[in-house]
Amino acid sequence: MFIDKIKKLEATKAKLAALEKSVASELTRELASLPGKYGYDSVASFFKAVRSASPGRGKAGKVAAGKPGRKAGGRKRRRRAVITDATRAEVKKLSEAGKTGAEIAKAVGISLPSVQNVKKALGLVKSRK
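Residue 34 is where the sequence shown starts when you use the numbering used here, and the numbers rise one by one after that.
So this is what it looks like as structure tokens:
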């Protein structure tokens with residue numbers, strides 16, 4: 034009984050290997066025929082067309098091919114804000130004038146979390162208890 038199971042397992046492994054080989058060869062044939070299906074005379078011209086149609090590496094947040102400082106999709110990365118004493122003073126003035134954090138961020142040109150950090154450092158926010 035145990036020997037029969039081992040023989041059955043070996044036969045199944047052989048079938049699996051044959052199936053994997055069949056799938057690999059079919060995939061190779063299918064990929065080789067792609068340029069012709071889309072009207073290209075060579076694989077090289079097909080690859081060139083695919084590369085030109087691609088905006089980058091194709092994953093969000095990844096750097097676009099050959100363009101440092103850019104995200105996929107061609108958008109520029111935002112530079113890190115430098116918080117100066119003048120920026121802090123402007124945040125304080127706008128905060129005391131009753132502006133919201135989002136309004137301050139837009140007016141000063143920094144992110145909302147940066148506004149919150151400046152306000153916290155200046156003691157303009159109430160602490161949680």
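Glycine included, every Cβ here is placed at the ideal spot set by N, Cα and C.
Compute the beta-carbon to beta-carbon distance between residue i and residue j, rounded to the nearest angstrom, for a pair I have assumed lies under 8 Å.
{"i": "A138", "j": "L145", "result": "5 Å"}
{"i": "R121", "j": "V151", "result": "5 Å"}
{"i": "E123", "j": "V141", "result": "5 Å"}
{"i": "F79", "j": "L60", "result": "Not quite, the Cβ-Cβ distance comes to about 16 Å (not below 8 Å), so this is no contact."}
{"i": "Y73", "j": "A82", "result": "7 Å"}
Quick one: is residue i buried, meaning 16 or more other Cβ sit within 10 Å of its Cβ, or exposed?
{"i": "I39", "result": "exposed"}
{"i": "G69", "result": "exposed"}
{"i": "I36", "result": "exposed"}
{"i": "G156", "result": "exposed"}
{"i": "A77", "result": "exposed"}
{"i": "G131", "result": "exposed"}
Between the Cα of residue i and the Cα atoms of the options, which residue gives the shortest distance?
{"i": "K125", "options": "V148, F80, K41, F35", "result": "V148"}
{"i": "T117", "options": "I143, A135, L127, G134", "result": "I143"}
{"i": "T133", "options": "R110, A114, V158, M34", "result": "V158"}
Legend entry - Contiguous alpha helix (DSSP H) assignments of at least 4 residues, all confined to the region 114 to 141: Counting only runs of 4 or more, we get 118 to 129, 134 to 141.
Legend entry - Ranges of the alpha helix (DSSP H) found wholly within the region 41 to 84, counting only runs of at least 4: Within the region 41 to 84, no complete alpha helix (DSSP H) run reaches 4 residues.
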